[in-house]
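Okay, structure first, notes after.
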Amino acid sequence: MEHLPEIRLTPTRPALDARPLEKRIGLIILATDHTTEPDFRRMVASDRIGVYVARIPYANPTTPDNLRKMQPSLTAGAALILPDEPLDAICYSCTSASVVIGDAEIEAAVQAAKPGVPVVTPPMAGVRGLKALGARTISILTPYTVETSRPMAAYFAAHGFEIASFTCLGFDDDREMARIAPALLVDLAREATDAQADALFVSCTALRAALAVVGMEEAIGRPVVTSNQATAWNCLRLCGDDEPRAEFGRLMTLPLGQ
14 MEHLPEIRLT PTRPALDARP LEKRIGLIIL ATDHTTEPDF RRMVASDRIG VYVARIPYAN
74 PTTPDNLRKM QPSLTAGAAL ILPDEPLDAI CYSCTSASVV IGDAEIEAAV QAAKPGVPVV
134 TPPMAGVRGL KALGARTISI LTPYTVETSR PMAAYFAAHG FEIASFTCLG FDDDREMARI
194 APALLVDLAR EATDAQADAL FVSCTALRAA LAVVGMEEAI GRPVVTSNQA TAWNCLRLCG
254 DDEPRAEFGR LMTLPLGQ
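In this text, residue positions in the sequence shown follow this note's numbering: the first is 14, and each later residue adds one.
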């Protein structure tokens, strides 16, 4: 029989840190999402800030009705992220669903599992970002169909923005949206930005638009706010991280504001 060593139990347990990492960001994403995790790993995660992810059910096509069907899963998704431990912020990473479900409804669903946690949605972060940049008149670019884009236009108008132009690409599958090359988004941004616009908002967490922000800003000569860039910025600032990250666009150099 193989000889096994005696297993020794240490007489004292090591002292514990308050947390493995100082700050915690929860991320609720779609089952089909290819883009948000890499973007948050690139823009948010660090030795100080951890990003913890839960996926919830979602089935294409991307229509208002299908997007709305995610609402019942939000509480369960939030509950799966470090159960019974507090978070510094939690982001529901779907722009179009946030618009059709509603920011207040998403906040209530998430806080049912994580009471008191600050909740971030992409359109909410987009509004904050555009206001931080001083934009009042905007152009909007989405990968969606006209049907799914229409509530997006209403959302930004309701938040006080003049919409100079709105361009959509007609996709109804978020997996295909994720396959649009960032370099192509630069060309699309140039075509979508009205001469009267103060800034461009590029919607959709599936798009790899955060990789193209600087190129888009150079192409159109004004600020660009994208879904994942805006939520990353909002979550970083909620964690007290005010470090400028100009490589992700002008927004990433600004404070959160009021």
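Each residue gets a CB set at the ideal place from its N, CA and C atoms; glycine is no exception.
Same chain, Cβ closer than 7 Å to residue i, five either side skipped, listed in chain order
| i | result |
| --- | --- |
| Gly90 | Ile41, Ala67 and Ile69 |
| Tyr71 | Leu43, Ala44, Thr45 and Met83 |
| Leu201 | Leu154 |
| Thr75 | Ser109, Tyr157, Thr161, Asp185, Asp186 and Asp187 |
| Ala170 | Ile176 |
| Pro131 | Ala102 and Leu251 |
| Asp52 | Ala223, Asn241 and Ala245 |
| Asp255 | Pro268 |
Residue i, enclosing beta strand (DSSP E) - first and last residue
| i | result |
| --- | --- |
| Gly39 | Lys36 to Leu43 |
| Ala212 | Ala212 to Val215 |
| Ala177 | Glu175 to Cys181 |
| Ile233 | Where Ile233 is concerned, there is no enclosing beta strand (DSSP E), although the alpha helix (DSSP H) it sits in stretches over Val226 to Ile233. |
Contact with chain C by residue i, beta-carbon distance below 8 Å
| i | result |
| --- | --- |
| Lys127 | No chain C appears in this structure, which consists of one protein chain only. |
Cross-strand partners of residue i (DSSP beta bridge)
| i | result |
| --- | --- |
| Arg68 | Ile42 |
| Tyr105 | Ile41 |
| Val140 | Answer is none; Val140 lacks a bridge partner. |
| Val237 | Leu213 |
| Val132 | Ile103 |
| Ser152 | Ser178 and Leu213 |
| Ile62 | Lys36 |
Contact set for residue i: own chain, Cβ-Cβ below 8 Å, skip 5 residues either direction
| i | result |
| --- | --- |
| Arg141 | Ala243, Asn247, Leu269 and Gly270 |
| Asp60 | Leu34 |
| Leu146 | Asp211, Ala212, Pro236, Val238, Arg263, Leu264 and Leu267 |
| Ala125 | Thr88 and Ala91 |
| Lys127 | Gly39, Ala91, Ala92, Ile94, Pro99, Leu100 and Ile103 |
| Ser86 | Ile69 and Pro70 |
Same chain, Cβ closer than 6 Å to residue i, neighbours up to 5 away in sequence not counted
| i | result |
| --- | --- |
| Ala177 | Thr150, Ser152, Asp207, Gln209 and Ala210 |
| Cys252 | Lys36, Ile62 and Asp101 |
| Asn73 | Asp186 |
| Ala148 | Asp211 and Ala212 |
| Phe174 | Ile151 |
| Phe179 | Ile153 and Ala166 |
| Leu80 | Ser109, Ala110 and Val113 |
Residue span of the alpha helix (DSSP H) that contains residue i, given as start and end
| i | result |
| --- | --- |
| Phe169 | Val159 to Ala171 |
| Leu198 | Pro195 to Ala205 |
| Ile119 | Asp116 to Gln124 |
| Leu87 | Leu87 to Ala92 |
| Met56 | Thr49 to Met56 |
| Glu189 | Asp187 to Met190 |
| Leu80 | Pro77 to Arg81 |
Presumed contact (8 Å Cβ cut-off) between residue i and residue j, rounded CB distance
| i | j | result |
| --- | --- | --- |
| Ala219 | Ala191 | 5 Å |
| Val113 | Pro164 | 5 Å |
| Arg54 | Val64 | 7 Å |
- prompt: Okay, do the region 236 to 248 and the region 98 to 108 touch, 3+ Cβ pairs below 8 Å being the bar?
  reply: Yes, since at least three Cβ pairs between the region 236 to 248 and the region 98 to 108 fall closer than 8 Å, the two stretches touch.
The region 136 to 154 contacting the region 204 to 218, beta-carbon criterion three pairs below 8 Å: A contact exists between the region 136 to 154 and the region 204 to 218.
message: Taking 8 Å as the cut-off, does the region 177 to 197 touch the region 214 to 225 (at least 3 CB pairs, one atom from each stretch)?
response: By the Cβ criterion, the region 214 to 225 is in contact with the region 177 to 197, since at least three pairs of Cβ atoms, one from each stretch, lie closer than 8 Å.
field: the region 156 to 176 / the region 227 to 234 touching (three or more Cβ pairs under 8 Å)
entry: The region 156 to 176 is not in contact with the region 227 to 234.
message: Below 8 Å, how does it come out for the region 247 to 262 and the region 127 to 138: are there three or more Cβ pairs, yes or no?
response: Taking a contact to require three or more Cβ pairs closer than 8 Å, the region 247 to 262 and the region 127 to 138 qualify as touching.
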